[in-house]
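Position in the sequence shown counted from 1, then plus 30, gives you our numbering. Note sheet for the following structure.
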Amino acid sequence: MNNTDPFAYHRLLLIYKGDISALVMFAQQSNGSVCFPAALPALSSALEPEDFATSKVTMHPAVMLQHLNQQLQLDDDLLRLEPGFNEQIDTPGGIVMVHLARFTLLDPPKQLMQSRNCGMRTLPELRGRPPAEMELLRRAYVKVMEG
């Protein structure tokens, strides 16, 4: 990973949850990854909470969200951070922090994300992703369904 890139050690998952239907969908990049703005490196693995590294200084997830909104040309009020979702992924280049941002729309943003060369997928449609991503998806699903 590029140590000079301030976003190299941070990722976002983008999720949609219908408040009435409870439909849950995740944004997926054209390269298949569900992590934004870049895929996790090969050989990544999800850490258990008891194994999380403590860091005194870290980037606030709102900075990451603002960066992604600019990159995808999304309105600033389209996504909001889900508090309490702060997962850590062990990668060959170091620990990557993963946060969760939720679409604030009534309907799934399928066409919107398609216009950004991304898709919206349900959890079963994402089977076969790398183990670290599957664990992140599972944890995000549990978070929004229990929250």
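Idealized CB from N, CA, C, for every residue including glycine.
- Excluding residues up to 5 positions away in sequence, C148 lie with their Cβ nearer than 6 Å to the Cβ of Q59 in the same chain.
- In summary, S74 is buried, with 16 or more beta-carbon neighbours lying within 10 Å of its beta-carbon over all protein chains present.
- Pairing A38 with L109, the inter-Cα distance amounts to about 21 Å.
- In this structure, the alpha-carbon of Y46 lies about 16 Å from that of N99.
- When only Cα atoms are considered, G62 and V54 end up about 18 Å apart.
- Residues of the same chain with a CB within less than 7 Å of the CB of N116, apart from the 5 flanking positions on each side, are M127 and H129 in chain order.
- In this structure, A76 sits near R169, with a CB-CB distance shorter than 9 Å.
- For V64, the number of other beta carbons within 10 angstroms of its own is at least 16, and it is reported as buried.
- Within the same chain, Cβ atoms closer than 7 Å to the Cβ of F82 are found at Q118, the five residues on either side in sequence being excluded.
- Here the alpha carbons of L42 and A69 stand approximately 10 Å from one another.
- In summary, H90 is exposed, with fewer than 16 beta-carbon neighbours lying within 10 Å of its beta-carbon over all protein chains present.
- A residue is called buried once 16 or more other Cβ atoms fall within 10 Å of its Cβ, and M175, having fewer, is exposed.
- Listed as beta-bridge partners of D120 by DSSP are S75 and I125.
- Straight through space, the alpha carbons of D107 and P122 are spaced by roughly 34 Å.
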